[in-house]
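Structure first, then comments.
There are 2 protein chains.
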Amino acid sequence: MTTRWLTPKEQRAWRAFMAATNLLEDAIDRQLQQDAGMPHLYYGILANLSEEPERKLRMTDLAAKAKITRSRLTYAVTRLEKDGLIRREDCQWDKRSSFAILTDEGMAVLERTAPGHVETVRAAVFDRLSDDQVGQLEEISSVIARALEGDASTPRPTADEVPWRRRSSPCSGS
Amino acid sequence: MTTRWLTPKEQRAWRAFMAATNLLEDAIDRQLQQDAGMPHLYYGILANLSEEPERKLRMTDLAAKAKITRSRLTYAVTRLEKDGLIRREDCQWDKRSSFAILTDEGMAVLERTAPGHVETVRAAVFDRLSDDQVGQLEEISSVIARALEGDASTPRPTADEVPWRRRSSPCSGS
DNA sequence: GAAGCTTGGTTAAAGTTTGAAACAAACCTA
DNA sequence: TAGGTTTGTTTCAAACTTTAACCAAGCTTC
Numbered sequence: 001m002t003t004r005w006l007t008p009k010e011q012r013a014w015r016a017f018m019a020a021t022n023l024l025e026d027a028i029d030r031q032l033q034q035d036a037g038m039p040h041l042y043y044g045i046l047a048n049l050s051e052e053p054e055r056k057l058r059m060t061d062l063a064a065k066a067k068i069t070r071s072r073l074t075y076a077v078t079r080l081e082k083d084g085l086i087r088r089e090d091c092q093w094d095k096r097s098s099f100a101i102l103t104d105e106g107m108a109v110l111e112r113t114a115p116g117h118v119e120t121v122r123a124a125v126f127d128r129l130s131d132d133q134v135g136q137l138e139e140i141s142s143v144i145a146r147a148l149e150g151d152a153s154t155p156r157p158t159a160d161e162v163p164w165r166r167r168s169s170p171c172s173g174s
Numbered sequence: 001m002t003t004r005w006l007t008p009k010e011q012r013a014w015r016a017f018m019a020a021t022n023l024l025e026d027a028i029d030r031q032l033q034q035d036a037g038m039p040h041l042y043y044g045i046l047a048n049l050s051e052e053p054e055r056k057l058r059m060t061d062l063a064a065k066a067k068i069t070r071s072r073l074t075y076a077v078t079r080l081e082k083d084g085l086i087r088r089e090d091c092q093w094d095k096r097s098s099f100a101i102l103t104d105e106g107m108a109v110l111e112r113t114a115p116g117h118v119e120t121v122r123a124a125v126f127d128r129l130s131d132d133q134v135g136q137l138e139e140i141s142s143v144i145a146r147a148l149e150g151d152a153s154t155p156r157p158t159a160d161e162v163p164w165r166r167r168s169s170p171c172s173g174s
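Residue numbers (my numbering), protein chains in the order written: chain A, 1 to 174; chain B, 1 to 174.
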């Protein structure tokens with residue numbers, strides 16, 4: 001099977017995409033480091049927690065939601081815990097698990113820094129895209145994400161065949 | 001001035017975009033680490049060099065082309081030099097400058113691993129997008145990149161007002 | 001022609017990420 | 001219920017990134 005190289009058009013798209021994602025991550029990291037004292041990834045972890053009913057999530061679920069490895073998350077949570085923005089709590093139902101919980105201070109940092117973050121994202125992205133383009137971006141991104149989900153180093157079972165999700169949900173819902 | 005939060009549609013697009021870029025970088029890094037023994041960034045450095053007439057570029061130009069900081073590049077080139085894939089050479093015209101040059105071995109690694117890399121990119125992206133979507137992706141990415149170019153920590157002058165580019169071109173072109 | 005700025009490149013130290021291995025709790029099965 | 005497997009998490013070392021100096025070479029200007 002001979003390689004199907006990228007067409008010139010695909011190459012242009014690929015280069016532009018790589019440039020955009022690199023520059024964007026850099027810009028966001030710089031802004032958040034500046035204003036919140038943490039990189040984008042850490043901010044995202046806090047943000048993910050803030051959306052949960054009780055601002056808590058099992059480590060593995062949080063890693064899945066943030067789409068990062070568990071060991072990376074462990075390091076990040078350790079740091080954020082040191083900063084007082086997150087605290088850990090053991091799960092009573094499954095003694096292997098532990099929760100990461102957003103503290104009030106963590107929530108405060110989030111609320112204080114969210115406007116600046118949104119502004120950065122707007123300035124670089126949404127203020128420059130037409131309504132149609134926003135839709136296209138979502139569609140394209142979803143296709144790519146779907147293609148890669150579950151490919152991860154630790155392939156996860158799909159939602160309907162996850163036994164522990166039932167077991168753990170009374171825990172996280174309490 | 002009150003914050004203009006993201007609309008639900010924008011939020012969906014943003015989340016999908018973040019998920020896609022994270023997953024994609026992970027997948028590509030994994031594949032290249034596997035097949036070429038280096039992360040995507042390092043592969044990109046080799047690829048950038050391979051496109052030059054003499055497979056050589058001044059460090060600063062290479063950093064600009066790869067859109068990374070000079071110190072990051074210094075580290076990467078040191079590693080790749082250790083591996084024998086790149087070698088350095090002093091510039092005779094400007095004694096401050098040095099070139100990074102892709103060795104034959106580096107070129108060989110690139111040629112050997114390019115098909116697998118392209119295949120990964122195709123599988124995750126281009127084989128799943130319509131022709132229209134490829135165009136949309138390029139357009140959207142270009143808009144974002146343009147918004148951020150020059151924003152970098154070391155703001156660079158635009159092309160038409162760069163005095164040293166003239167000075168360095170006889171050097172890099174020889 | 002030397003003081004003073006700018007540019008090209010590296011270095012050092014601290015911080016982050018990765019990937020494999022370790023560990024313990026939970027599960028399964030005969 | 002003993003033994004083996006899976007799951008959730010952490011630990012550790014090695015690799016990578018960042019930030020802020022640093023040095024040397026080029027350019028400016030007086």
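All residues carry an ideal CB built from backbone N, CA and C; glycine is no exception.
Which bits of chain B does residue i rub up against, with CB to CB less than 7 angstroms?
{"i": "Arg12(A)", "result": "Glu138"}
{"i": "Thr3(A)", "result": "Pro115, Val118"}
{"i": "Thr74(A)", "result": "Under the 7 angstroms cutoff, chain B gives no residues; its nearest Cβ is about 17 angstroms from Thr74(A)."}
{"i": "Ala16(A)", "result": "Glu138, Ser141, Ser142, Ala145"}
Quick one: which chain A residues come within Cβ less than 8 angstroms of residue i?
{"i": "Ala123(B)", "result": "Ala147"}
{"i": "Leu6(B)", "result": "Val118, Val121, Arg122, Phe126"}
Judging by CA-CA distance, which residue of the options is the nearest neighbour of residue i?
{"i": "Thr113(A)", "options": "Thr21(A), Glu149(A), Ile28(A), Gln133(A)", "result": "Ile28(A)"}
{"i": "Arg4(B)", "options": "Leu6(A), Leu23(A), Ser142(A), Ala123(A)", "result": "Ala123(A)"}
{"i": "Gly9(B)", "options": "Thr21(A), Leu137(A), Glu149(A)", "result": "A small fix is needed here, since residue 9(B) is Lys in this sequence, not Gly. It is Leu137(A) whose Cα lies nearest to the Cα of Lys9(B)."}
{"i": "Met1(B)", "options": "Glu149(A), Thr103(A), Gly116(A), Arg55(A)", "result": "Gly116(A)"}
{"i": "Ala145(B)", "options": "Ser50(B), Met59(B), Lys67(B), Glu81(B)", "result": "Lys67(B)"}
{"i": "Glu51(A)", "options": "Glu119(A), Asp132(A), Thr103(A), Ser141(A)", "result": "Thr103(A)"}
{"i": "Ala63(B)", "options": "Gln11(B), Ala19(B), Tyr75(B)", "result": "Tyr75(B)"}
{"i": "Arg70(B)", "options": "Cys91(B), Ser97(B), Arg55(B)", "result": "Ser97(B)"}
{"i": "Gly84(B)", "options": "Gly106(B), Cys91(B), Arg12(B), Asn48(B)", "result": "Gly106(B)"}
{"i": "Arg87(A)", "options": "Leu49(A), Gln11(A), Glu139(A), Ala20(A)", "result": "Leu49(A)"}
{"i": "Asp90(A)", "options": "Glu111(A), Val118(A), Leu57(A)", "result": "Leu57(A)"}
{"i": "Ala19(B)", "options": "Glu54(A), Lys65(A), Met18(A)", "result": "Lys65(A)"}
{"i": "Glu111(B)", "options": "Ala47(B), Thr21(B), Glu139(B), Arg12(B)", "result": "Ala47(B)"}
{"i": "Asp132(A)", "options": "Glu54(B), Arg55(B), Pro53(B), Glu139(B)", "result": "Glu139(B)"}
{"i": "Tyr43(A)", "options": "Arg128(A), Leu129(A), Val118(A), Phe126(A)", "result": "Val118(A)"}
So which residues of chain A does residue i contact, with C-beta pairs closer than 7 angstroms?
{"i": "Val143(B)", "result": "Arg128, Leu129"}
{"i": "Lys67(B)", "result": "Ala19, Asn22, Leu23"}
{"i": "Gln31(B)", "result": "Those within 7 angstroms of Gln31(B) in chain A number zero; the least Cβ separation is about 10 angstroms."}
{"i": "Gln34(B)", "result": "Within chain A, no residue comes near Gln34(B); the closest Cβ sits about 11 angstroms away, beyond 7 angstroms."}
Within the continuous alpha helix (DSSP H) that includes residue i, where are the two ends?
{"i": "Ser141(A)", "result": "131-148"}
{"i": "Leu175(A)", "result": "No answer is possible for residue 175(A): it lies beyond the span of chain A, which begins at 1 and ends at 174."}
Chain B partners of residue i, CB-CB under 9 angstroms?
{"i": "Asn48(A)", "result": "Ordered by position in chain B, no residue passes the 9 angstroms Cβ test against Asn48(A), which lies about 10 angstroms from the chain."}
Since residue i contacts residue j with CB under 8 angstroms, what's their CB separation in whole angstroms?
{"i": "Trp93(B)", "j": "Val121(A)", "result": "With a Cβ gap of about 43 angstroms, Trp93(B) and Val121(A) do not count as contacting."}
{"i": "Leu6(B)", "j": "Ile45(B)", "result": "That pair is no contact at about 35 angstroms."}
{"i": "Met59(B)", "j": "Leu73(B)", "result": "6 angstroms"}
{"i": "Val134(B)", "j": "Ala100(B)", "result": "Incorrect: roughly 32 angstroms between the Cβ atoms, too far for contact."}
{"i": "Ala36(B)", "j": "Val143(B)", "result": "The pair is not a contact, with the Cβ atoms about 32 angstroms apart (cut-off 8 angstroms)."}
{"i": "Pro39(B)", "j": "Gln31(B)", "result": "Contact doesn't hold; Cβ gap of about 10 angstroms is too wide."}
{"i": "Ser141(B)", "j": "Ala16(A)", "result": "4 angstroms"}
{"i": "Leu23(A)", "j": "Glu149(B)", "result": "7 angstroms"}
What does residue i reach in chain B if we use C-beta pairs closer than 8 angstroms?
{"i": "Val134(A)", "result": "Lys9, Glu10, Ala13"}
**Request:** Would you list, in sequence order, the uninterrupted beta strand (DSSP E) runs of no fewer than 3 residues that lie entirely inside the stretch 37-89 of chain A?
**Result:** 56-58
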